[in-house]
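Here is the structure we will look at, set down as structure tokens.
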Amino acid sequence: MNSLIAVGSIAYDTLETPFGRRDRALGGSAVHFALAANLFTDVGVVGVVGDDFDGEPVLAERGIDTSGIQVVAGGATFAWEGRYGFDLNVAETLDTRLGVFEQFDPQLSAEQAKAPVLFLGNIVPDLQRSVRKQSQAGFVALDSMNLWIEIAKDSLIGAIGEVDCVILNDGEARQLTGESTLAKAARAISAHGPRIVVIKRGEYGAALFVDGAFFGVPGYPLEEVFDPTGAGDSFAGGFVGYLAATGQTEPDIAHLKRAVAYGSIVASFNVEEFGTERVQRLTRDEVETRVGEFHAMTSFDLG
Ligand SMILES: Nc1ncnc2c1ncn2[C@@H]1O[C@H](COP(=O)(O)OP(=O)(O)OP(=O)(O)O)[C@@H](O)[C@H]1O
Ligand SMILES: [Mg+2]
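The opening residue of the sequence shown carries number 184 in my numbering; numbering runs sequentially from there.
Take a look at the structure:
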């Protein structure tokens with residue numbers, strides 16, 4: 184049995200940044216998440232693709248369980264096309280083709296329902312709720328995006344109320360709550376139910392709010408960033424993957440802080456190359472080395 188199940192999009196991404204371009208690169212929230220989480224624990228992906236999909240071997244080679252990927256004959260895999268300018272924090276969507284993703288109705292097998300940890304990647308909030316209901320997981324984390332806050336806010340708030348951990352970026356946290364400071368936004372999100380709120384801040388890092396306590400890290404200082412696509416999902420994969428490996432369903436603060444560091448470091452590798460290219464060949468040793476540097480650059484003594 185997998186210790187972690189991830190539900191989300193599986194996509195072909197056409198990406199353009201000031202540093203280059205890739206056509207139909209493997210992407211999607213479940214893919215970026217699973218490649219990251221797989222560095223820490225065994226993960227299974229639940230998603231849907233068309234019979235044009237040829238990315239399965241990339242996941243299987245890494246030991247990711249792909250048996251939950253449904254292939255729809257005659258259908259097309261979800262395809263996204265986006266462009267970034269010099270401000271890599273802002274993506275401009277040029278084209279979205281939902282393909283088989285439009286009819287996605289994720290169903291967990293009896294085995295997948297028993298996995299102790301569940302990640303609800305960025306999909307329609309009602310589908311996140313449906314998967315949550317099917318699962319017996321002791322720890323559930325959720326990600327979302329601005330689109331669902333705009334068009335399905337009540338349902339997203341319902342979904343948030345049914346999970347243990349919410350992972351959003353700063354813009355989404357502000358938009359969802361109408362609060363301008365992250366501390367108030369996190370408190371408002373937590374008031375819906377989740378004990379743990381993580382707010383990602385792109386190159387500026389990430390913040391953790393749990394049990395009234397706060398923890399923050401900067402972004403790992405990279406000199407070159409090629410493509411930010413999937414940063415949020417690889418952060419979530421490192422964060423949730425690390426927690427799943429601890430076996431705790433009510434993670435304590437020490438583990439949560441380490442999970443934030445692991446999430447940040449895996450995401451920092453992700454943005455150094457296009458799409459999944461870097462995380463696909465990332466090793467746990469490389470992660471540990473960079474986490475060690477990150478620890479040294481983020482701690483100080485009081486003299
Ligand atoms: N330029 C960067 N340098 C270092 N780390 C980065 C950079 N950009 C992102 N990260 C890391 O990735 C994490 C998540 O990124 P971000 O805040 O962009 O999430 P997101 O907006 O959900 O991303 P996505 O576009 O994938 O949905 C950050 O908290 C940070 O740790
Ligand atoms: Mg995101």
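Glycine included, each C-beta is placed from N, C-alpha and C at the ideal position.
The closest CA to that of L271, considering only Q463, V283 and E199, is found on E199. Here the C-alpha atom of Y403 lies approximately 19 Å from the C-alpha atom of G458. Across the structure, D288 and L485 are spaced so that their CA atoms are roughly 53 Å apart. Rounded to the nearest angstrom, the Cβ distance from I350 to H375 is 14 Å, too far for a contact under 8 Å. Secondary structure at R245: coil, using DSSP grouped into helix, strand and coil.
The beta-carbon distance between F422 and G446, rounded to whole angstroms, is 3 Å. This is short enough to meet the 8 Å contact definition. DSSP places S327 in the coil class of the three-state scheme, outside both helix and strand. Ranking A419, V255, Y387 and D410 by CA distance to the CA of F269 puts D410 first. The alpha-carbon separation between R207 and F483 amounts to approximately 44 Å.
Where I448 is concerned, the enclosing alpha helix (DSSP H) starts and stops at I436 to N453. Taking the Cα positions, F223 is about 16 Å away from A213.
About 4 Å separates the beta carbon of C348 from that of A324, a gap short enough to meet the 8 Å contact definition. Taking a 10 Å sphere around the C-beta of I382, we find 16 or more other C-beta atoms and assign the residue as buried. The beta carbon of P411 sits closer than 7 Å to at least one heavy atom of ligand 1.
In terms of CA proximity to L218, G246 leads the group S338, P201 and G246. The residue from G230, F236 and E244 with its alpha-carbon nearest to that of V462 is E244. Exposed is the label assigned to S363, since fewer than 16 other Cβ atoms lie within 10 Å of its Cβ.
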